[in-house]
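Working notes for the structure below.
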Amino acid sequence: MADLKVSICSTQQGVGDLQGKAAAQNQKLGKRLAYLLRYGAKKEGLSVSEKGFVSLTELMTHDLMKDYSSDAVLCEVNNSVSCSGRKRFELKIEGKEIFVRATYKRKFEMNPFHEGTHVYRLREVCLRHICKNIELYSLEEFPDEYLVREIIHKMKRDQRLSNKALENLVGPGLELLDLEGAFITEKTLNIIKRQGFNLKNLTLRGSGYLITDHNFVPLMKKLSLLETLDISGCSHLTSISFSCLPGKLLHIRRLLMSNVPHLSETDVIMCLEQCQNLKYMQIFGNKQLEEHSTLQRILKVAKNQGVYVATVNR
Numbered sequence: 020m021a022d023l024k025v026s027i028c029s030t031q032q033g034v035g036d037l038q039g040k041a042a043a044q045n046q047k048l049g050k051r052l053a054y055l056l057r058y059g060a061k062k063e064g065l066s067v068s069e070k071g072f073v074s075l076t077e078l079m080t081h082d083l084m085k086d087y088s089s090d091a092v093l094c095e096v097n098n099s100v101s102c103s104g105r106k107r108f109e110l111k112i113e114g115k116e117i118f119v120r121a122t123y124k125r126k127f128e129m130n131p132f133h134e135g136t137h138v139y140r141l142r143e144v145c146l147r148h149i150c151k152n153i154e155l156y157s158l159e160e161f162p163d164e165y166l167v168r169e170i171i172h173k174m175k176r177d178q179r180l181s182n183k184a185l186e187n188l189v190g191p192g193l194e195l196l197d198l199e200g201a202f203i204t205e206k207t208l209n210i211i212k213r214q215g216f217n218l219k220n221l222t223l224r225g226s227g228y229l230i231t232d233h234n235f236v237p238l239m240k241k242l243s244l245l246e247t248l249d250i251s252g253c254s255h256l257t258s259i260s261f262s263c264l265p266g267k268l269l270h271i272r273r274l275l276m277s278n279v280p281h282l283s284e285t286d287v288i289m290c291l292e293q294c295q296n297l298k299y300m301q302i303f304g305n306k307q308l309e310e311h312s313t314l315q316r317i318l319k320v321a322k323n324q325g326v327y328v329a330t331v332n333r
């Protein structure tokens with residue numbers, strides 16, 4: 020009997036290990052698809068339609084897909100959802116050809132090479148030089164916001180987005196700043212307060228190690244033009260921070276507050292009722308808000324205010 024129990028436990032452990040490996044493999048595939056279908060397809064030399072579709076046949080020729088079958092990719096496309104329940108990918112069939120794309124966040128980077136060669140385009144050479152020597156350039160007043168945002172994106176992706184770089188990049192012409200995945204410090208926040216006063220879209224997602232009531236409230240006082248704010252994962256924030264939002268952010272339209280453990284029903288309803296221009300709020304992943312009755316009360320207020328709320332039961 021003891022041998023049988025050991026055998027059963029070993030089998031269960033083996034099944035668990037296999038399931039864990041399969042989950043890790045699926046997560047890896049999902050990340051690779053997200054990279055190619057949101058940002059990297061053009062840069063990697065794949066053909067992309069005007070609406071963001073990539074041929075499955077061509078996609079499967081890329082090195083990132085060499086460990087996966089077409090069936091595995093299609094399974095991921097059909098079944099992958101975000102933590103809010105939103106489908107990440109979709110497909111269409113034209114004749115005998117299958118095309119796939121990301122359903123949101125598509126912002127393809129240009130192929131850095133001249134077509135059919137490994138010769139960098141002049142634009143890419145210039146951007147690489149600026150990123151490498153950002154301390155030589157003062158771009159706070161540069162009028163092309165798109166290029167400044169691209170430089171910030173490149174430097175963040177290459178883990179080279181320092182405070183010195185931000186000092187030379189953030190200025191009155193910059194309206195969108197995404198710091199998700201960047202290493203930020205108190206000095207970073209001071210740069211934003213001092214130079215980013217025209218920002219309309221700010222992402223601090225995942226900065227829970229730094230963002231607190233002490234530095235968040237003064238930051239909001241300086242960013243009165245914000246229309247979109249993402250503080251998802253900022254786990255140290257409390258009602259002190261949430262209560263300042265209606266009074267400081269008079270133009271706020273989109274408020275993303277998923278995985279913020281101290282966010283309460285009172286905080287959410289206060290923002291819904293007092294943020295006069297609010298149209299969208301994201302609050303999934305917050306345990307205090309998961310009870311059905313709590314969600315129903317929040318959704319009732321949201322409906323009366325004309326705000327769409329993305330919750331855990333989406």
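If you read the sequence shown in the working numbering, its first letter stands for residue 20, the second for the next number, and so on.
Heads up, the beta-carbon is just placed ideally off N, CA and C, and yes, glycines get one too.
Predicted model, so just to flag it, every value in this text is computed and none were measured.
Excluding five sequence neighbours on each side, which residues of the same chain lie with their C-beta closer than 8 Å to the C-beta of residue i?
| i | result |
| --- | --- |
| K61 | V67, F127, E128, M129 and N130 |
| L318 | V328 and T330 |
| D286 | S258, F261 and S262 |
| V138 | F132 |
| L188 | I153, L158, E159, V167, I170 and I171 |
Keeping to the same chain, check which residues put their C-beta closer than 7 Å to that of residue i; ignore five residues upstream and five downstream.
| i | result |
| --- | --- |
| A201 | K175 and L180 |
| D232 | L256, T257, I259 and S260 |
| I210 | N182, L185, E186 and V189 |
With a threshold of 6 Å on Cβ separation, who are the neighbours of residue i within its own chain once the five nearest residues in sequence on each side are excluded?
| i | result |
| --- | --- |
| K307 | The amino acid occupying residue 307 in the given sequence is Gln; Lys does not appear at that position. Same-chain partners within the cutoff: S283. |
| N278 | S251, G252 and G304 |
| V320 | I288 and L291 |
| Y299 | R273 and Y327 |
| L268 | L245 |
Just to confirm the assignment, what range does the alpha helix (DSSP H) spanning residue i have?
| i | result |
| --- | --- |
| D90 | S89 to N98 |
| K151 | L141 to K151 |
| V320 | H311 to Q324 |
| L291 | E284 to Q293 |
How would you label residue i, buried or exposed, when you count the other beta carbons within 10 angstroms and need 16 or more for buried?
| i | result |
| --- | --- |
| D82 | exposed |
| V100 | exposed |
| E95 | buried |
| T207 | buried |
| Q361 | Because the chain in this structure spans residues 20 to 333, residue 361 falls outside the shown range and cannot be described. |
If I'm right that residue i touches residue j with Cβ under 8 Å, what's the distance once you round it to whole angstroms?
| i | j | result |
| --- | --- | --- |
| S226 | L198 | 7 Å |
| K106 | T122 | 5 Å |
| L195 | G215 | Actually they do not touch by this definition, with Cβ atoms about 10 Å apart. |
| L48 | V119 | In fact, because the Cβ distance is near 12 Å, the residues do not count as touching under 8 Å. |
Starting from residue i, trace the beta strand (DSSP E) both ways and give me its first and last residue.
| i | result |
| --- | --- |
| D82 | Looking at the DSSP string, D82 is not in any beta strand (DSSP E), and its letter there is neither H nor E. |
| M300 | Y299 to Q301 |
| I210 | Looking at the DSSP string, I210 is not in any beta strand (DSSP E); the run it does join, the alpha helix (DSSP H), is E205 to Q214. |
| I170 | Unbroken run through I170 is the alpha helix (DSSP H), E164 to R176; no beta strand (DSSP E). |
| A329 | Y327 to A329 |
| N182 | Segment N182 to L188 is the alpha helix (DSSP H) holding N182; no beta strand (DSSP E) there. |
Exercise. If you pair each beta-carbon of the region 292-301 with each one of the region 318-333, do three or more pairs fall below 8 Å?
Worked result: With three or more CB-CB distances shorter than 8 Å, the region 292-301 counts as touching the region 318-333.
Exercise. Does the pairing of the region 210-229 with the region 243-258 give three or more beta-carbon distances under 8 Å?
Worked result: Contact holds: three or more Cβ-Cβ distances are below 8 Å.
Exercise. Is it true that the region 76-92 meets the region 158-167, where meeting means three or more beta-carbon pairs spaced less than 8 Å apart?
Worked result: Touching, no.
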